[in-house]
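*Asks:* First, the structure itself, so that you have it in front of you.
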């Protein structure tokens, strides 16, 4: 009798264990303290790490195939001229505040993003030549572009163009950032800027894309904290205070890898590799030979093995190797060749005539103004670069600046060299950096042919044709030596082994938290 | 407390007394306290002071001769010798780019001391006259100067430093000015508090009563009496300015990367703390010893 | 407090002084921003890739096209409308942004000061009493260690020791008291240095005063002498120093905040300055100034209470 009771109890326990429920709590370490985290307004990659699970997007990109799968849109059509996209929306979807999701909500979101008063830093530009959104019926929305725009699906798959509750946006106004309301698997429970951001599962979630493995969130709570000081990230993992940590310093990553309690999940990030833009309008970098000499004279292999312990690949061109349309041919351009670099400098008239170890021409020493920001191990990288260039007789004036200062410098064009790196799955990202009128045209390039190609590539829908055109663009950028590519960005995620199922989306930055589980 | 009695005894012995009694101490109360100082031992006969002098001399001499010892400068790299511990990697080991830490330390001594001295000179140069004027003159001058100092202090020092760096550009000179400006206000306030303290003494009242001019009171009576506390505080300030300079470097606002200023070396070495602890420990200890030496000397000199 | 001055007049005078200091401090902030090169509208919108027309429109909205005196008047009078305005960068009310950060900052500042004062007075007294012995050397060295060790260095060492190896205290974020231990200890250690040094100097000075001799001669026990006759009169500069430290902590704990992954006004201030977010800077300067004024008022009272000589003979007379 007693045994039977025990058996029944056990069975009951097992039965409850089988019903889907959320349990466990993890702390997820973020590495920046963004100035704002409204995905429609702000541009930080960091904001997408929690918010990808708060919001849903109309479509999702499958990281395996690179193709797009249904999200909040069940299916879609693109007109023959590539200017009109029609999305048929999923029914029965509700925002966390109970507002129903429909075509009107999509229109509201798109109009919010494109309203200049919002001063959107990223989302607005991802919409490209957006003209208007038309509500066809309750569950059908038509997006009209003023010209064909191939990257639209890619843009719509990203959290920056996620669907937020119109009611919540109207209710909270300026404070919406603290009360974000989406349709995603997790609810935005609490956000204290600079301190923590807490997500709790959305029990009603039943409309996840097929790239998610679970129907609902498996964790009961996720707390995000901001570990801006890189040296404290590994200690936070090791003391058990954080379960997942982004951007673990390479040396710590190598060490953690040997610890049976932790693993390192490196995620290569598609997009613009870490590059130094060379200002082609400012002498002596207006001379192609000098620019080429700088790339030949940079031993990137040494930089990657010294600073990154070999955890990320050497970059060959403006795009990282995992980006759609990346052309490996650019790797043939500039192998490390200091003697070639010296010859090029001589040809350009830069010789050391006064014997001080620094090349000069017409009495002017070869001195370059190089700026750097504090992120991405740039302080270490530039020291190696400067020492390599010193052997070639090039003097470098290094100055560390903040991001706002860098923007000002880029605008005034007072730099020779300025670094950047950015993420994005579509090679259309190159237009942001190399189009003559682009806001991040830090090379100050003005090449009408390149502009034409960049425009045309955005209008092409055939993947092969696009890839071919982007290959031409990458080759042009390297022929013209507009950038010194340094490394492909790889996010080294440190993970406590009790955390299972951590996967990242096609962007590489954003985890699919719905599938994460913990072993107690 | 035994120490205290020793003091009292020494003092009374010089007064020709044997043991303190109530009557005698009551008489002593009327004697200006300046005379009550025990005679300090000569500086060179105090082992700690000698050590401090030796350390500072070593840093200064090292800074002076390093251009001849290591003419290739603090940036000479040898990547095949990266992160070698002290011994195999030279006297104090090498950093992650195979640079000799001992060489960098000596080169950095130049930058660090020069930065600290400039900042301190600025702080004392501004703070001392202001604080002294406010504390010894009192009245309206005190009120005006104090409001100014209060506003200065109430203004976040970080904002001040960032603004200075934005206007003057980055570099150790700007850091010295930024830190020195921030340190001037607290220095002025300490000077003023000390001066006020001394001004409340009866003998100052007496000096005022016999008609001594305010300037004379400030310079002849208050300043000498305030000197020990002020010297100590100036020595403390040296630590403070080096510390805050290092803080600006940590936030990435100070010197260009690779500058061997000690605070910057320490901030940089932090990233290699687990793999190569000496990279951070060496400049950290050098910083501590230097501040310690300056404190000891400031303290001992203040007593004379 | 001036002898014989009525309480009301005293309070009025202090309030007037406070208003003056506030005005000076926010004027200083305005001047500083005017001197900083670059255009705030452009800085703010550069990241968003706005067109030149949009930047012009924003500049006009922000009132940056007006002559400087007009901007200054608006900057000042904005305050009388009773709100701190909207942050240019985040477009959120400055007041709520500050209120979000204030508790964390206050908590850290109070805990850090408390730890620093305790440690400082202990080390300073020890050094003064055993002046010239090995105890003095040890206490002095410890306090100088606090003075010369940057927080970003002592902080990471504390994390490795207490958090990673011993697992006693968490190293990040806010929460219960345990979260406060390491940051407060780190901050307190760095503050204790200057307090200890000052305590030592002051106490040694007071030890030399004849009235200590008199007290001793009357047979008053050591602890009473220390407490009533040594620490009390020595307290003036010490209290002043602690008040000063408090002022610095409001903006200056930014390094501690970043090492221990804490929120705080310091980090908000850095953001505000980097992005030249004038309304936010103004809000932070005002908050800092008000807290600083309150603390220094408290310090003045404490000083007068601790040192009876000042009550009888105010320096102002």
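Residue numbers (my numbering), protein chains in the order written: chain A, 3 to 522; chain B, 8 to 311; chain C, 2 to 318.
For glycine and all other residues, C-beta sits at the position ideal for the given N, C-alpha and C.
Note that the structure is predicted; figures quoted are calculated from it, not measured.
(1) Please look up how many angstroms separate the CB atoms of residue 494(A) and residue 255(A), rounded, as I've assumed it's under 8 Å.
(2) How should residue 182(A) be labelled, buried or exposed, when 16 other C-beta atoms within 10 angstroms of its C-beta is the threshold for buried?
(3) Any chance the CB of residue 236(A) is under 6 Å from a heavy atom of the ligand GDP?
(4) Following the continuous beta strand (DSSP E) through residue 200(A), name the residue where it begins and the one where it ends.
(5) Just curious, the alpha helix (DSSP H) that residue 390(A) is in, first and last residue?
(6) Threshold first: 3 residues or longer. Then list the beta strand (DSSP E) segments lying entirely within the region 170-218 of chain C, N to C.
(7) Determine which residues of the region 155-186 of chain A have a Cβ less than 9 Å from any Cβ of chain C, and write them out in chain order.
(8) Taking the beta strand (DSSP E) that residue 227(B) falls in, what are its first and last residues?
(9) When Cβ atoms are compared, which residues of the region 132-156 of chain C fall closer than 8 Å to chain B?
(10) May I ask you to list, following chain order, the residues of the region 406-437 of chain A that have a beta carbon less than 7 Å from some beta carbon of chain C?
(11) Compute the Euclidean distance between the alpha carbons of residue 286(A) and residue 338(A), then round it to the nearest angstrom.
(12) Interface residues of chain C around residue 116(A) at Cβ under 8 Å?
(13) Taking all protein chains shown into account, do 16 or more other C-beta atoms lie within 10 angstroms of the C-beta of residue 148(C), making it buried, or fewer, making it exposed?
(14) With burial defined as no fewer than 16 other Cβ atoms inside 10 Å of the residue's Cβ, what is the status of residue 175(B): buried or exposed?
(15) Would residue 370(A) be called buried (16 or more neighbouring beta carbons within 10 Å of its own) or exposed?
(16) Look at residue 122(A) and residue 59(A) and say whether their C-beta atoms are less than 7 Å apart.
(17) My understanding is that residue 287(B) touches residue 277(B), with C-beta atoms under 8 Å, so please give their C-beta distance in whole angstroms.
(18) Using Cβ-Cβ distances below 7 Å, what residues of the region 277-298 of chain B are close to chain A?
(19) In terms of residue numbering, what span does the alpha helix (DSSP H) encompassing residue 111(B) cover?
(20) If the criterion is Cβ atoms closer than 7 Å, does the pair residue 510(A) and residue 305(A) meet it?
(21) Thinking just about the alpha-carbon of each residue, which of 477(A), 166(A), 387(A) and 413(A) is nearest to the one in residue 441(A)?
(22) Secondary structure at residue 372(A), three-state DSSP: helix, strand or coil?
(23) Are residue 37(A) and residue 90(C) touching if we call contact CB-CB under 7 Å?
(24) What residues from chain B crowd round residue 198(C), counting only those whose CB sits closer than 7 Å?
(25) Do residue 189(B) and residue 167(B) count as a contact pair if the criterion is CB distance below 7 Å?
(26) Taking only three categories from DSSP, how would you classify residue 88(A)?
(27) For residue 78(A), which three-state DSSP category applies?
(28) Find out if the Cβ-Cβ distance for the pair residue 148(B), residue 158(B) is shorter than 7 Å.
(29) Would you mind telling me which residues of chain A sit closer than 7 Å to residue 86(B), beta carbon to beta carbon, in chain order?
(30) Name, in chain order, the residues that DSSP records as bridge partners for residue 513(A).
(31) Measure from the C-beta of residue 89(C) to each C-beta in chain A and report whether the shortest distance is under 7 Å.
(32) With DSSP as the reference, label residue 132(C) as helix, strand or coil.
(33) Against residue 165(C), what residues of chain A qualify as contacts under a CB-to-CB distance less than 8 Å, listed in chain order?
(34) Would you grab the beta carbon distance between residue 155(C) and residue 187(C) for me? Rounded to a whole angstrom, and I think it's under 8 Å.
(35) Measuring alpha carbon to alpha carbon, tell me which of 227(A), 226(A) and 210(A) ends up nearest residue 219(A).
(36) For the beta strand (DSSP E) that residue 267(A) lies in, which residues bound it at each end?
*Replies:* By the coordinates alone:
(1) Counted from its first residue, the first chain places residue 494(A) at position 492. Counted from its first residue, the first chain places residue 255(A) at position 253. Cβ-Cβ separation between residue 494(A) and residue 255(A): approximately 5 Å, consistent with a contact (criterion under 8 Å).
(2) As a working mapping, residue 182(A) is identified with position 180 in the first chain. Burial call: buried.
(3) This structure does not include the ligand GDP; it has no bound ligands of any sort.
(4) Within the first chain, the letter at position 198 stands for residue 200(A). Unbroken beta strand (DSSP E) run through residue 200(A): 198-203.
(5) Indexing the first chain from 1 puts residue 390(A) at position 388. Counting along the chain, the alpha helix (DSSP H) containing residue 390(A) begins and ends at 380-393.
(6) none
(7) 176, 177, 179 and 180
(8) Counting from one through the second chain, the residue named residue 227(B) turns up at place 220. From DSSP, residue 227(B) is part of no beta strand (DSSP E); its letter is neither H nor E.
(9) 132, 133, 134, 138, 141, 142, 145, 146, 148, 149, 150, 151, 152, 153 and 154
(10) 406, 409, 410 and 413
(11) Within the first chain, the letter at position 284 stands for residue 286(A). Within the first chain, the letter at position 336 stands for residue 338(A). About 21 Å.
(12) The sequence position of residue 116(A) within the first chain is 114, counting from 1. The premise fails here: residue 116(A) is roughly 13 Å from chain C at the closest Cβ pair, so nothing lies under 8 Å.
(13) Translated into the one-based positions of the third chain, residue 148(C) becomes position 147. Label assigned to residue 148(C): buried.
(14) Your numbering for residue 175(B) matches position 168 in the second chain. It is exposed - the Cβ of residue 175(B) has fewer than 16 other Cβ atoms within 10 Å.
(15) As a working mapping, residue 370(A) is identified with position 368 in the first chain. Buried: at least 16 other Cβ atoms inside 10 Å.
(16) Along the first chain, one-based indexing puts residue 122(A) at 120. Along the first chain, one-based indexing puts residue 59(A) at 57. The answer is no: Cβ separation not under 7 Å.
(17) Reading the second chain from its first residue, position 280 is the one you call residue 287(B). Reading the second chain from its first residue, position 270 is the one you call residue 277(B). Yes, they are in contact, since the Cβ atoms of residue 287(B) and residue 277(B) sit about 5 Å apart, within 8 Å.
(18) 277, 278, 279, 280, 281 and 282
(19) In the second chain, the residue the question calls residue 111(B) occupies position 104. Element bounds for residue 111(B): 108-144.
(20) Numbered from 1 along the first chain, position 508 holds the residue referred to as residue 510(A). Numbered from 1 along the first chain, position 303 holds the residue referred to as residue 305(A). No, these two residues do not count as a Cβ contact at 7 Å.
(21) On the first chain, residue 441(A) is found 439 positions in, with the first residue counted as 1. Of 477(A), 166(A), 387(A) and 413(A), the residue nearest in Cα terms is 413(A).
(22) Here residue 372(A) is taken as the residue at index 370 of the first chain, counted from 1. Strand at residue 372(A).
(23) The residue labelled residue 37(A) in the question sits at position 35 within the first chain. The residue labelled residue 90(C) in the question sits at position 89 within the third chain. Contact: yes.
(24) Position 197 of the third chain, counted from the start, is the residue given in the question as residue 198(C). The answer, in chain order, is 239, 243 and 302.
(25) On the second chain, position 160 is the one that residue 167(B) refers to. On the second chain, position 182 is the one that residue 189(B) refers to. The answer is yes: Cβ separation under 7 Å.
(26) In the first chain, residue 88(A) corresponds to position 86, counting from 1. Looking at residue 88(A) - three-state DSSP - the assignment turns out to be strand.
(27) One-based indexing of the first chain puts residue 78(A) at position 76. In the structure shown, residue 78(A) sits in a strand (DSSP, three-state: E or B).
(28) Residue 148(B) sits at position 141 when you count from the first residue of the second chain. Residue 158(B) sits at position 151 when you count from the first residue of the second chain. Cβ distance not < 7 Å, so residue 148(B) and residue 158(B) don't count as in contact.
(29) What you label residue 86(B) is simply residue 79 of the second chain in a count that begins at 1. In chain order: 304 and 308.
(30) By 1-based counting over the first chain, the position of residue 513(A) is 511. DSSP lists 506(A) as partners of residue 513(A).
(31) As a working mapping, residue 89(C) is identified with position 88 in the third chain. Answer no: the Cβ-Cβ gap between residue 89(C) and chain A never drops below 7 Å.
(32) Here residue 132(C) corresponds to residue number 131 of the third chain, with the count starting at 1. The three-state reading of DSSP puts residue 132(C) in coil, since its state is none of H, G, I, E or B.
(33) Walking along the third chain from the start, residue 165(C) turns up at place 164. Going along chain A in sequence order, the residues near residue 165(C) (Cβ under 8 Å) are 237, 240 and 241.
(34) For the purposes of this step, residue 155(C) is taken as the residue at position 154 of the third chain. For the purposes of this step, residue 187(C) is taken as the residue at position 186 of the third chain. Their Cβ separation, rounded to whole angstroms, is 5 Å, which keeps residue 155(C) and residue 187(C) in contact under 8 Å.
(35) By 1-based counting over the first chain, the position of residue 219(A) is 217. Of 227(A), 226(A) and 210(A), the residue nearest in Cα terms is 210(A).
(36) Position 265 of the first chain, counted from the start, is the residue given in the question as residue 267(A). Its beta strand (DSSP E) spans residues 264-270.
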